[in-house]
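Counting from 1, position 362 in the sequence shown corresponds to residue 1170 in the working numbering; the numbering is continuous, with no gaps.
Backbone N, C-alpha and C define an ideal beta-carbon position, used for all residues, glycine too.
Let me begin by presenting the structure, written as structure tokens, before commenting on it.
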Amino acid sequence: MSKLNPQKEDSSFRVVINQNNGNWLFFEHPVQVLQTENHSDVKHLLEVIEEKVAEGFYAAGFLSYEAAPAFDPALTVYECKGFPLLWFGIFKEPDIGPLPSGNPEFHYVSDWEPAMDFSVYQSAINRIKSFIESGDSYQVNYTFRMRSGAVADPWQTFLAVTENNPMPFASYIDTGKHVISSFSPELFFSLDGEHIVTRPMKGTAPRGRFISEDLENARNLYISEKDRAENIMIVDMLRNDLGRIARVNSVEVKDLFRVEKYQSVLQMTSQVSATTDSPVSEIFSALFPCASVTGAPKVRTMEIIKELEKSPRKIYCGSTGYISPNRKAVFSVAIRTLLFDKENNRAEYGTGSGIIWDSDARREYEECLTKAEVIARKSQRFGLIETMRWSPEQGYFLLERHLRRLENSMGYFDFCGDIEKVKQYLFSLAGQFEISPIRVRIEVSRDGRISHTVSPLNKTDKESLLVGIASLPVHSSDRFLFHKTTNRSVFTDAVKACPGFDDILLWNERGEVTETTIGNVVVELEGELFTPAIDCGLLPGTFREELLSRGEIKEAVISVEELRNCNAVYRINSVREWERVVVEGWG
809 MSKLNPQKED
819 SSFRVVINQN
829 NGNWLFFEHP
839 VQVLQTENHS
849 DVKHLLEVIE
859 EKVAEGFYAA
869 GFLSYEAAPA
879 FDPALTVYEC
889 KGFPLLWFGI
899 FKEPDIGPLP
909 SGNPEFHYVS
919 DWEPAMDFSV
929 YQSAINRIKS
939 FIESGDSYQV
949 NYTFRMRSGA
959 VADPWQTFLA
969 VTENNPMPFA
979 SYIDTGKHVI
989 SSFSPELFFS
999 LDGEHIVTRP
1009 MKGTAPRGRF
1019 ISEDLENARN
1029 LYISEKDRAE
1039 NIMIVDMLRN
1049 DLGRIARVNS
1059 VEVKDLFRVE
1069 KYQSVLQMTS
1079 QVSATTDSPV
1089 SEIFSALFPC
1099 ASVTGAPKVR
1109 TMEIIKELEK
1119 SPRKIYCGST
1129 GYISPNRKAV
1139 FSVAIRTLLF
1149 DKENNRAEYG
1159 TGSGIIWDSD
1169 ARREYEECLT
1179 KAEVIARKSQ
1189 RFGLIETMRW
1199 SPEQGYFLLE
1209 RHLRRLENSM
1219 GYFDFCGDIE
1229 KVKQYLFSLA
1239 GQFEISPIRV
1249 RIEVSRDGRI
1259 SHTVSPLNKT
1269 DKESLLVGIA
1279 SLPVHSSDRF
1289 LFHKTTNRSV
1299 FTDAVKACPG
1309 FDDILLWNER
1319 GEVTETTIGN
1329 VVVELEGELF
1339 TPAIDCGLLP
1349 GTFREELLSR
1359 GEIKEAVISV
1369 EELRNCNAVY
1379 RINSVREWER
1389 VVVEGWG
């Protein structure tokens, strides 16, 4: 089926593409839609698209992974019925502006299920290794689908995910029958005049829970022989692919093994560029599909992919993007991409990784699930907060520690703003205070806006606080435990579950003490003072850090059971400093 039909103005056709500069391109009301499910039409339609762009129009849309044989019949793919190999709208000049804010309550895609469990996945990996051993392939990009139903609202889902997981090559395409929500971090190619740039992405590691762990994970990824081998293999393929259309001696490799940070993963990228005067249709013929989503060598490896994968990839591992006048184009590799079927209210999401001889099946499977976290976790708006004490004698207590922690969290979560502006904001605020000690709470939003609340710091007559033990554990992998944010559901839920106490003592999945809902914990054991180690899953409190630096307390792993043997238990924070507690609710 091939269609080249003029379209009436119809809001159901919509393409929204990230410009990666704070603004988005909004393509609506196409003057024409070009689409096909036939390989024989794909190159012709790309040529028609280029003719339209030469007339001053813009083209925006996608090519499915299964379009590959249109450019090279030797490339093998699944048959893909009922989904376009190519879909492009022809538009007048797009609107440009920021993406509107979404409603997180609408981000709801229920019950994601992997299309295969680990045992099936492991069997496929073993088959791939046998192909590698026999010399059929050096690397296979093996993928599977995750599927779900009960899609609340694709557009609101896209807005909500993008707000907390901004990706440089994100795009949203509504074809009327399907919706594509791509949260891609990977550039397929950009074209500006005769300059073409590709940035293949191969090599993945999970984010750390806090800055120092992030840096350690990034370094381990950078020096990983396995990930470097995968990356350089794809770089070499793209050098060869670009060489087919590039001017002599113009292919250049830059930024080898660069590690980039995203909300859920760290990715290794490299850049390959060239000079070319080839039309976009020939660029696709040379490069598509991107080597990073096939493996090497491309022809034989795609045969292996078809044999082992259980379904067509469709838009996943294809490409979304746009072409504009004056020979400009940007296309992404459509990874981290949701496909909604509007008629059946179903969704699917592809995930995968590059498999080489020494790949570990368990690690690869977990990497695939990590890549799916962008859509598996409900998005949540949150701000970063600091609560501190101000007095006329001391000013802000431990101000530099508060600012350092806030700056680390701003960097970790990619919040806009300047820590010096926060400091000046606090100094300006202090000029309004009265003589008595004040409790000051500031909040920084993702876009860098600063707000505050102020309350008097009342004295307490209690000799000790009554503290209960949480009914459920926290999980030490929860990164929000290590940052002070407005996302405090873990703490509020713990308080609600155990009413009647001054505070609640939290513990993790290993039965280790972590903190209370509003402070760190210090215990006295055999005449020494210990505080739970950060790795247990807790906030690095500023007063805690001060005491550690002075050698007054030490870090240790403390089990809940060990509290029975403590001589004393304290709650500490920078507002109240030391408060003795009595722990009840042993269970």
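Taking C-beta separations shorter than 8 Å and ignoring five residues to either side along the sequence, the partners of Trp1315 in its chain run Ile1277, Ala1278, Pro1281, Val1282, Val1321, Thr1322 and Val1368, following chain order. By the Cβ rule, the segment 996-1003 counts as touching the segment 1138-1157, because three or more pairs are nearer than 8 Å. Cα atoms of Leu1355 and Lys1069: separation of roughly 32 Å, rounded to the nearest angstrom. Distances from the alpha-carbon of Phe835 to those of Lys851, Ala878 and Leu907 put Leu907 closest. Taking 7 Å as the cut-off, the beta carbon of Ser1058 is found closer than this to the beta carbon of Ala1082. Here the segment 1080-1097 makes no contact with the segment 939-947; the two share fewer than three CB pairs at distances below 8 Å. When the beta-carbon positions are compared, Ser1272 and Val1390 come within less than 7 Å of each other. DSSP, reduced to helix, strand and coil, places Trp895 within a strand of the structure shown. About 6 Å separates the beta carbon of Leu1234 from that of Tyr1204, a gap short enough to meet the 8 Å contact definition. DSSP places Met1009 inside the beta strand (DSSP E), whose first and last residues are Met1009 to Pro1014.
Where Asn1381 is concerned, the enclosing beta strand (DSSP E) starts and stops at Ala1376 to Asn1381. Runs of the alpha helix (DSSP H) spanning 4 or more residues and lying entirely within the segment 1197-1230 occur at 1207-1220, in chain order.
Note that the C-beta distance between Leu967 and Gly910 is below 7 Å. Secondary structure remark: continuous beta strand (DSSP E) runs of at least 3 residues inside the segment 834-897, in chain order: 840-844 and 866-871. When Cβ pairs closer than 8 Å are counted between the two stretches, the segment 877-884 is seen not to touch the segment 896-906, the count staying below three. The Cβ atoms of Thr951 and Gly1158 lie closer than 7 Å to each other. Taken in chain order, the complete alpha helix (DSSP H) segments of 4 or more residues contained in the segment 945-1011 are 962-972. DSSP lists Val1389 as the bridge partner or partners of Leu1273. With respect to the 7 Å criterion, Val1329 and Leu1337 are not classified as neighbours on the basis of their beta carbons. Non-local C-beta neighbours of Ile1326 in its own chain, meaning closer than 8 Å and more than five positions away in sequence, comprise Phe1299, Asp1311, Arg1379 and Asn1381, ordered along the chain. For the pair Lys1267 and Ile1250, the Cα-to-Cα distance works out to about 22 Å. Excluding its 5 nearest sequence neighbours in each direction, Gln843 has C-beta neighbours in its own chain below 7 Å: Lys811, Pro892, Leu894 and Trp895, listed in chain order.
If you draw a straight line from the Cα of Thr1109 to the Cα of Ile936, it comes to about 10 Å. Inclusion of Met954 and Trp920 in the CB contact set at 7 Å is warranted, their separation being smaller than that value.
A residue is called buried when at least 16 other Cβ atoms come within 10 angstroms of its Cβ; Gln1240 does not meet this threshold and is exposed.
When the alpha-carbon of Glu859 is set against those of Ile1131, Gln1188 and Gly1308, the nearest one is in Ile1131.
According to the DSSP assignment, Leu1337 belongs to the beta strand (DSSP E) that extends over Glu1336 to Pro1340. Beta-bridge partners assigned by DSSP to Gln1075: Thr1012 and Glu1068.
Non-local beta-carbon contacts of Gly1308 in its own chain, meaning distances under 6 Å to residues more than five positions away in sequence, are absent. DSSP places Ala1278 in no alpha helix (DSSP H); its state is neither H nor E. In terms of Cβ geometry, Gln947 and Ala1169 do not form a close pair [threshold 7 Å]. Contact between the segment 863-877 and the segment 822-839 is present: 3 or more CB-CB pairs across the two stretches fall below 8 Å. With three or more CB-CB distances shorter than 8 Å, the segment 1191-1209 counts as touching the segment 1218-1238. Per DSSP, the unbroken alpha helix (DSSP H) holding Asn934 starts and ends at Phe926 to Glu941.
If only uninterrupted alpha helix (DSSP H) runs of at least 4 residues are considered, those enclosed by the segment 1279-1317 are 1297-1305. The C-alpha of Asn1153 lies about 14 Å from the C-alpha of Asp982.
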